[in-house]
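J.: Okay, handing you the structure first.
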Amino acid sequence: MRFSVDAHAIGRHQTGNEVYVRNLLRAFAALDKKSDFVAYYSAHDAPGQIPERFLTRRVSSNPFVRLGVELGQRVRRDKPDLLHVQYTSPLACSAPVVATVHDVSFLERPEFFPPSQAMQLRWTVKRTVRRAAWVITVSEFSRRSIENAYGPLNGRISVIPNGGSTLFRPVAREVASAWVSQHMNVRSPFVLTVGDLQPRKNQLGLIHAFADMIRAHPELPHHLVLAGKDTWHSGEVHQAAKASGAGDRIRFTGLVTDDELRHLYGACELFVFPSFYEGFGLPILEAMACGRAVACSNTSAMPEVANAAGILFDPHSKEEIVRAMLDLLLNPELRLRMERLGLKRAAQFTWERTARQTLDVYYQVAGARRRAANVKKAKTLPV
Numbered sequence: 006m007r008f009s010v011d012a013h014a015i016g017r018h019q020t021g022n023e024v025y026v027r028n029l030l031r032a033f034a035a036l037d038k039k040s041d042f043v044a045y046y047s048a049h050d051a052p053g054q055i056p057e058r059f060l061t062r063r064v065s066s067n068p069f070v071r072l073g074v075e076l077g078q079r080v081r082r083d084k085p086d087l088l089h090v091q092y093t094s095p096l097a098c099s100a101p102v103v104a105t106v107h108d109v110s111f112l113e114r115p116e117f118f119p120p121s122q123a124m125q126l127r128w129t130v131k132r133t134v135r136r137a138a139w140v141i142t143v144s145e146f147s148r149r150s151i152e153n154a155y156g157p158l159n160g161r162i163s164v165i166p167n168g169g170s171t172l173f174r175p176v177a178r179e180v181a182s183a184w185v186s187q188h189m190n191v192r193s194p195f196v197l198t199v200g201d202l203q204p205r206k207n208q209l210g211l212i213h214a215f216a217d218m219i220r221a222h223p224e225l226p227h228h229l230v231l232a233g234k235d236t237w238h239s240g241e242v243h244q245a246a247k248a249s250g251a252g253d254r255i256r257f258t259g260l261v262t263d264d265e266l267r268h269l270y271g272a273c274e275l276f277v278f279p280s281f282y283e284g285f286g287l288p289i290l291e292a293m294a295c296g297r298a299v300a301c302s303n304t305s306a307m308p309e310v311a312n313a314a315g316i317l318f319d320p321h322s323k324e325e326i327v328r329a330m331l332d333l334l335l336n337p338e339l340r341l342r343m344e345r346l347g348l349k350r351a352a353q354f355t356w357e358r359t360a361r362q363t364l365d366v367y368y369q370v371a372g373a374r375r376r377a378a379n380v381k382k383a384k385t386l387p388v
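Here's what the structure looks like:
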């Protein structure tokens, strides 16, 4: 078998999409020694993050060129048994498409997107889902949302949860605190949140809640650390921090490496994820895998991921966010219990399991294609 994967996200700091495809490729290399894999990349340094034995082909970083022309041409030349994409397939594709659609937030919460991007996704994802041989998504919440949006997929959809990278593992808080102090100039103790600075992640709500908490409990020595790359929304978030009355306690790290993130998780006293909408919520798992108590939103897929190992709150309620943080900061016993539960919960999600289930889909789709080709060939043979 030959499987091709659109890996253009690798090396382009596309956060969740990049984490997904990078970890899948690494796990494929360990699990499937017989099949050929072709990875289509865009960033010049991406090949260093792709398993050595995989074939690599460069495609344009311009989505109109990549999806409109180049990716389809590459597939015709490489003749894979399928092409795996995230969200959007090329306009023309000679191979069956497996499409991972993490969520349909662009349909359900379009206010979190620039209008042009929401419009583009509405058209391209609808076309991709309807044409795909198989759709993969990462949570039951997203599966329901996809089928509500596009109609029943008649068994052509699988829920395959994300995994947790083995990089994220417990580090003694004292060791991690010293590391982030030395290498990142981040002071402990602190509350951590992770995510691009964008409206959907609700950093504004967390900043307001943190400022209220400090005003009500000035004895707390904690800072708030926001790790994530800047976007078009960053100015509003930075301004909110300055105007909060707690600006001297709020730190923005910008985009961080995996190693920096692991130490931030390890050093924090509490991880808070106040997002309004997630198809999965990978930082929840990462923080749990690092042995840190988690408080997160009670919306979309986040309760499904956190299960009973996280403290849930309404992200629209500043009071509930404050209460969740205080419950964990002021009650060491509860915090330790949630840390233990989180470690057990995170252990249930691995990229090996994700990749194994994804390969099952690949073989099912590729096998169906080959059977159909054999039937067609048999019909054309002379009797």
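Each residue of the sequence shown is one higher than the last, beginning at 6 in the numbering used here. All C-beta atoms in this analysis are idealised placements derived from N, C-alpha and C, irrespective of residue type, glycine included.
How far does the beta strand (DSSP E) with Ser-305 in it extend, from its first residue to its last?
T.: Working through the sequence shown from its first residue, we reach residue 305 at position 300. It is not in any beta strand (DSSP E) - Ser-305 carries neither H nor E in the DSSP assignment.
J.: Return the CA-CA distance between Ile-289 and Leu-60, expressed in angstroms with no decimal places.
T.: To locate residue 289, count along the sequence shown from 1; it is residue 284. To locate residue 60, count along the sequence shown from 1; it is residue 55. Between Ile-289 and Leu-60, the C-alpha separation is close to 33 Å.
J.: Per DSSP, which residues does Tyr-45 bridge with? Please list them.
T.: Here the question's residue 45 lines up with position 40 in the sequence shown. BP columns for Tyr-45 point to Asp-11 and Arg-62.
J.: How should Gln-187 be labelled, buried or exposed, when 16 other C-beta atoms within 10 angstroms of its C-beta is the threshold for buried?
T.: Sequence index remark: in the sequence shown, residue 187 carries index 182 (1-based). The residue is exposed, with fewer than 16 neighbouring Cβ atoms inside 10 Å.
J.: What are the start and end residues of each continuous beta strand (DSSP E) run of 3 or more residues lying completely inside the stretch 108-155, in chain order?
T.: List check, beta strand (DSSP E) in window: 139-142.
J.: Please report the residue range of the beta strand (DSSP E) in which His-228 lies.
T.: The residue given as residue 228 occupies position 223 in the sequence shown. His-228 -> beta strand (DSSP E) spans 228-232.
J.: Starting from the N-terminal side, write out each stretch of the alpha helix (DSSP H) that is 4 residues or longer and does not extend beyond the stretch 327-380.
T.: DSSP runs (the alpha helix (DSSP H)) wholly in the stretch 327-380: 337-351.
J.: Would Gly-9 be called buried (16 or more neighbouring beta carbons within 10 Å of its own) or exposed?
T.: Walking along the sequence shown from the start, residue 9 turns up at place 4. Note that residue 9 is Ser in the sequence shown here, rather than Gly. Its Cβ being crowded by 16 or more others within 10 Å, Ser-9 is buried.
J.: Report back the beta-carbon spacing between Ala-100 and Val-90 to the nearest angstrom; my notes put them in contact at under 8 Å.
T.: Here residue 100 corresponds to residue number 95 of the sequence shown, with the count starting at 1. Here residue 90 corresponds to residue number 85 of the sequence shown, with the count starting at 1. With a Cβ gap of about 11 Å, Ala-100 and Val-90 do not count as contacting.
J.: Looking at Asp-332: is its Cβ nearer than 8 Å to the Cβ of Glu-325?
T.: Reading the sequence shown from its first residue, position 327 is the one you call residue 332. Reading the sequence shown from its first residue, position 320 is the one you call residue 325. No.
J.: According to DSSP, is Ala-104 helix, strand or coil?
T.: Position 99 of the sequence shown, counted from the first residue, corresponds to residue 104. Three-state result, Ala-104: strand.
J.: Does the stretch 133-143 come close enough to the stretch 104-115 to have 3 or more Cβ pairs within less than 8 Å?
T.: Cβ pair count under 8 Å is three or more, so yes.
J.: Within the same chain, show all residues whose beta-carbon is closer than 8 Å to that of Leu-209, passing over the 5 residues directly before and after it, in chain order.
T.: Stepping through the sequence shown from its first residue, residue 209 is reached at position 204. Excluding residues within five positions, the ones whose Cβ falls inside 8 Å are Glu-241, Val-242 and Ala-245.
J.: Based on DSSP bridge pairs, tell me the residues matched to Leu-290.
T.: What you label residue 290 is simply residue 285 of the sequence shown in a count that begins at 1. DSSP, once it has assigned bridges, lists no residue as partnering Leu-290.
J.: Do Arg-174 and Ala-294 come within 8 Å of each other at the CB atom, strictly closer than that value?
T.: The residue given as residue 294 occupies position 289 in the sequence shown. The residue given as residue 174 occupies position 169 in the sequence shown. Contact flag set, yes.
J.: Buried or exposed for Ser-121, going by 16 or more other Cβ atoms inside 10 Å?
T.: Sequence index remark: in the sequence shown, residue 121 carries index 116 (1-based). Exposed.
J.: Would you kindly report the start and end of the unbroken beta strand (DSSP E) that includes His-89?
T.: For the purposes of this step, residue 89 is taken as residue 84 along the sequence shown, with counting starting at 1. Its beta strand (DSSP E) spans residues 87-91.
J.: Give a yes or no on whether the C-beta atoms belonging to Pro-194 and Glu-274 are separated by under 8 Å.
T.: For the purposes of this step, residue 194 is taken as the residue at position 189 of the sequence shown. For the purposes of this step, residue 274 is taken as the residue at position 269 of the sequence shown. Taking 8 Å as the Cβ cut-off, Pro-194 and Glu-274 qualify as a contacting pair.
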